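Structure record follows, encoded as structure tokens.
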Amino acid sequence: MTVKEVVEKMGLKVFSGEKGLDREVLGGYTSDLLSDVMGHAKEGEIWVSLQTHKNIMAVAGLKDLAAIVLVKGLQPEEDTVTVSNEEGLPILGTDEQCFEFTGKLYALIHN
Amino acid sequence: MLKPYKGDLHNHTVLSPCGDIEMTPSFYVDAAKKAGYSIIGVSDHNSTRQCAEICALAREKGLFILTGAEICTKEEVHCLAFVDGEERLALLQEYLSKYLPPIPNDPEKFGYQLWVNRDEEILGEEEYLLISAIDQSIDEVERFVHLLDGIFIPAHIDKNKNSILSQLGFVPFDLAVDSLEVSKRCNLESFLSQNSYLKGYNYIHSSDAHYREDFAVTACNFYLQSLSFDEIKMALRREEGRYVEII
Chain E
1 MTVKEVVEKM GLKVFSGEKG LDREVLGGYT SDLLSDVMGH AKEGEIWVSL QTHKNIMAVA
61 GLKDLAAIVL VKGLQPEEDT VTVSNEEGLP ILGTDEQCFE FTGKLYALIH N
Chain V
1 MLKPYKGDLH NHTVLSPCGD IEMTPSFYVD AAKKAGYSII GVSDHNSTRQ CAEICALARE
61 KGLFILTGAE ICTKEEVHCL AFVDGEERLA LLQEYLSKYL PPIPNDPEKF GYQLWVNRDE
121 EILGEEEYLL ISAIDQSIDE VERFVHLLDG IFIPAHIDKN KNSILSQLGF VPFDLAVDSL
181 EVSKRCNLES FLSQNSYLKG YNYIHSSDAH YREDFAVTAC NFYLQSLSFD EIKMALRREE
241 GRYVEII
């Protein structure tokens, strides 16, 4: 499944990094501690978080994640968007909270 | 000619919910003087309201107080922020009050949030929970503190909670910090050997005292020409020969 398919099936907003919408999604990881994501997220995962600081882009790039989803209607900072566009690593958004969104994403990826 | 001034910048008072009821202005000033300190930082969680009383008492006894707070940013990174003078302190307090979420404190669960005078009479109580995160990013806090010509120091960066490393993974390269703080038990040399990209920064370590027995247990020497806010800031930034030595 591609990031684009996840966006369409879950009705997500695309904030930035459109170039990366054809990235392959291999799984998901939900965490707000960037140190934890650096240590434990795996390549190709969609990262679900409420952190909007531009360090999320560095961590996502380092781990080669497929995309980042911001929950609860949160918006990325301006400089976070800039890096996302430069690197073609999409930042997506949902109004749902972490628990609901992660549950639905899990069902989508594993069905 | 530079002289060493012994200091400890990170301390909580009775005002912090987690700060012991015995961390009062008179204790602060007496204990710091007795232990030979010249500089003490007052850094309660997200509030500056205990600073004025400690400052007034300290002035009489010849102790220099850095006034400010330990701010919890929206990423839940703890940062020390200090400003010079009553006017700027009032502006910092206004900023904290504006962005602290209105979650009422439950003193039974979290502890009392009182500030007191030198005779330990209660002057006021913070209504909202001070250990929440304020609705401002670390970059916004840094910019605001520096707009007030203040000092900005991410706290206990070696810890695995509420530190810039735990919350943000690494220190953003463009964040304008005056120093970085490590906790009192941190071995800076081995910390830097594991985080070699952090070798170019200036460091302090602090007691982060919440109880009387934790107060004045660790120190830094500030090498200054004279004792003032600006001199301390220069030392934290290693400017014009001033520097801080971890002891």
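In order, the protein sequences belong to chains E and V. Residue numbering for the first sequence follows the numbering used here, beginning at 1 and increasing consecutively. Residue numbering for the second sequence follows the numbering used here, beginning at 1 and increasing consecutively. Beta carbons are placed, not taken as given, at the ideal position from N, Cα and C, and that holds for glycine. All figures in this text were calculated on a predicted structure; none of them were measured in a lab.
Problem set entry | Close Cβ partners of D79/E (< 7 Å) along its chain, the five nearest in sequence each way excluded | K54
Problem set entry | Residues that V81/E bridges to, as DSSP identifies them | According to DSSP, V81/E bridges with nothing at all.
For this session: Measure from the C-beta of G200/V to each C-beta in chain E and report whether the shortest distance is under 8 Å.
Result: no
Exercise. Based on the DSSP secondary-structure assignment, which residues constitute the bridge partners of A69/V?
Worked result: D44/V, A81/V
For this session: Could you pull out every unbroken beta strand (DSSP E) segment of at least 3 residues lying fully inside the segment 3 to 31 of chain V, listed in chain order?
Result: 3 to 8
Problem set entry | Integer-rounded CB distance, given that C72/V should sit under 8 Å from A31/V | Their Cβ separation, rounded to whole angstroms, is 26 Å, which puts A31/V and C72/V out of contact at 8 Å.
Problem set entry | Bridge partner(s) assigned by DSSP for P154/V | C79/V
Problem set entry | Close beta carbons around T13/V, own chain, < 8 Å, minus the five adjacent residues each side | G19, M23, T24, P25, Y28, V42, D44, Q50, I54, W115
For this session: For C186/V, name the three-state secondary structure that DSSP assigns.
Result: coil
For this session: On a CA-only basis, which of L2/V, S183/V, E245/V is nearest I157/V? Give me that one, please.
Result: S183/V
For this session: Compare the Cα-Cα distances from L80/V to each of F215/V, Q194/V, S179/V and report the closest residue.
Result: S179/V
Exercise. In chain order, what residues of the same chain have a beta carbon less than 6 Å from the beta carbon of I164/V, not counting five sequence neighbours either side?
Worked result: V77, P154, I157, V171
Exercise. Which value, in whole angstroms, describes the spacing of the CA atoms of L63/V and L188/V?
Worked result: 28 Å
Exercise. Going by Cα to Cα distance, which pick from G61/E, K42/E, L74/E, N111/E is closest to D135/V?
Worked result: L74/E
Exercise. Is N248/V helix, strand or coil when you go by DSSP?
Worked result: No answer is possible for residue 248/V: it lies beyond the span of chain V, which begins at 1 and ends at 247.
Problem set entry | 7 Å Cβ shell around L57/V - same chain, five flanking residues per side excluded | P25, S26, V29, R118
Exercise. CB-CB under 7 Å to E231/V, same chain, minus the five flanking residues each way: which ones, in chain order?
Worked result: L224, Q225, R242
Problem set entry | alpha helix (DSSP H) segment containing L114/V, residue limits | Taken as a continuous stretch (DSSP letters only), L114/V belongs to no alpha helix (DSSP H), being part of the beta strand (DSSP E) at 114 to 116.
Exercise. If we ignore side chains and look at the alpha-carbon of each, how far apart do K104/E and A176/V end up?
Worked result: 40 Å
For this session: For L50/E, write down the residues that DSSP places opposite it in a beta bridge.
Result: BP columns for L50/E are empty, so no partner.
For this session: May I ask you to list, following chain order, the residues of the segment 41 to 63 of chain E that have a beta carbon less than 8 Å from some beta carbon of chain V?
Result: Q51, T52, H53, K54, N55, A58, V59
For this session: Verify the CB distance criterion: does E86/E have a CB-CB separation below 8 Å to chain V?
Result: no
Exercise. Under a CB-based cut-off of 8 Å, is P172/V close to chain E?
Worked result: yes
Exercise. For P107/V, does the three-state DSSP call read helix, strand or coil?
Worked result: helix
Exercise. From which residue to which residue does the beta strand (DSSP E) around E245/V run?
Worked result: 243 to 246
Problem set entry | Rounded separation between F15/E and F101/E - CA only | 17 Å
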